[in-house]
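Q: Below: one structure in C-alpha cells.
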C-alpha cells in the first residue's frame, strides 16, 4: 500500500494508564488517522440551512433530549500532590501567554472549524471530544504541552500497528508534490482495498471519507476481513500501557470510533460519497495534473489517470458498482504494548450514531460553548496535561462553591 512522503502521522493509537481508572484524550488517538493536512480554512456553509439546523438543535436541547451538564467538575482535587511536577512553571507561563488568545476566542464570531482553520475532522477528533472537549480544545491551542513520555508510548503503539500492517501488504513510499497528489495516494489505497475485499481477502489501513450533519470526516479503519460465516468484520487494534482492559469511559470512545467508521464505510459502498461536497470541503482542484510518481504507481495498478478528477471519478464509480457488503461486525482488540500479547476482545453493537453525534457537531458549528467533563468523571483531570490552567475546572469550581454557600 502506498504512503505519501509529505503527509503527517499526527495521531497514535496508544493508551496510557498512570492511574488504574485514569486516562486522557490521547488514549483514543489512532496512528491510523494520518489524514490531517495543512489546508486552508473550512468554507462557510449556507446561512439559511445553518440557522434552520441550529434552531432544531436548540429545540431538542430545550426539550431535554440532550444531556444537561449544568453540574460538572469540582475544582477541588484532594489526590493532587503538593510537589510541583516537572515543567509546571513553564506550562503555567505558557498558559498565561495564551490567556489573551483564549479571551479573544470567546468573542470570536467564527465557529471552531473556521477559527482553527480546519476543513474537516478526523474520527479520532470526535473520540477526543467525547473524552473531554475542553482538553481537546487545549490540545489544538497548546500542542506543546504533550509530555515526552506520552510521545514514547505513542511511538511504541505505532510500531505495533506497522508490524500488523506489514503482515498483510508491503508499504511503498510515493513522492507527492501537491495536496491533490497526497489525496490521490489515499484514493489509490482505497481502490486497492476495494479490489482485495472483492477477492475475499483482508485489508488494513482502509481510508474512509464522509459527511455527517454537514461536517466532513475522514478516518482510517484498522482492518477489514471476512469471518468464516462470510460476514464483513471491522477489527480495531488498541494498544495499552498495562495488561488490563480499559475503563468503561475509555470503551465508550472506542465504541464511538468503530461505529462512525461503519457508518462512513457503509455510505461509501452504497454510492453516497458526493464528489462535489468532497471537493468543496477539501478545496481540491479536480483539473490538477497528477505527479509523475502518482501516475507511475497508478499504472502499476492497471489504472490510467491524468488529473486528480479522473482518479476521483474512478474511485466513486468503483465504490458504487463494487457490490461490497455493509460491515456486519465491529470488534475491538486490546493488546499489551510491552510484549504485544492479546489482553482481550470486545464486540460492539451498532446503533444510530447521528443523534449521538448531534451535540458534538453543535460545538464545531459554533452553536454552543466548550464543555469539560461531568462531575462524575472528574477523575479524568488527574492525568490531564492542562489541569493547572483549565478554565472549565476553574469556572465550575466557582459555580459549585456558590451553590454550596447558597444552600447553607
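Numbering (the numbering used here), first residue to last: 9 to 416.
Glycine is no exception: its CB is placed at the ideal position from the N, C-alpha and C atoms.
On the DSSP bridge assignment, give the partners of residue 234 in chain order.
A: 240
Q: What residue range does the alpha helix (DSSP H) around residue 377 cover?
A: Careful: residue 377 lies outside any alpha helix (DSSP H) and carries neither H nor E.
Q: Quick check: the stretch 266–273 against the stretch 321–330, are at least 3 beta-carbon pairs closer than 8 Å?
A: no
Q: Near residue 116, what residues of its chain come up, given a Cβ to Cβ distance below 7 Å and the 5 sequence neighbours on each side ignored?
A: 123
Q: With 16 as the cutoff for other CB atoms within 10 Å, does residue 291 come out buried or exposed?
A: exposed
Q: Ignore the nearest five residues each way along the sequence and tell me which others in residue 189's own chain have a CB closer than 6 Å to its CB.
A: 299 and 302
Q: When DSSP builds the beta bridges, which residues end up paired with residue 352?
A: 342
Q: Name the two residues that bound the continuous alpha helix (DSSP H) containing residue 273.
A: 256–277
Q: Please name the residue or residues paired with residue 215 in a DSSP beta bridge.
A: 228
Q: Under DSSP, the alpha helix (DSSP H) around residue 194 begins and ends at which residues?
A: 187–206
Q: Would you check if the distance between the CB atom of residue 202 and the CB atom of residue 216 is smaller than 8 Å?
A: Between residue 202 and residue 216, the C-beta spacing is not below 8 Å.
Q: If you count every other CB in all the chains shown that lies within 10 Å of the CB of residue 247, and 16 or more means buried, which is it?
A: buried
Q: For residue 51, I'd like the list of residues in its chain whose CB is within less than 8 Å of its CB, leaving aside the five on either flank, ordered along the chain.
A: Low confidence applies here, because residue 51 scores a pLDDT of 33, under 50, leaving its location unreliable and the question unanswered by this model.
Q: What is the DSSP secondary structure of residue 319, reduced to helix, strand or coil?
A: It is helical.
Q: Look at the alpha carbon of residue 135 and the alpha carbon of residue 334, and state the distance between them as a whole number of angstroms.
A: 23 Å
Q: If I'm right that residue 336 touches residue 241 with Cβ under 8 Å, what's the distance once you round it to whole angstroms?
A: 7 Å
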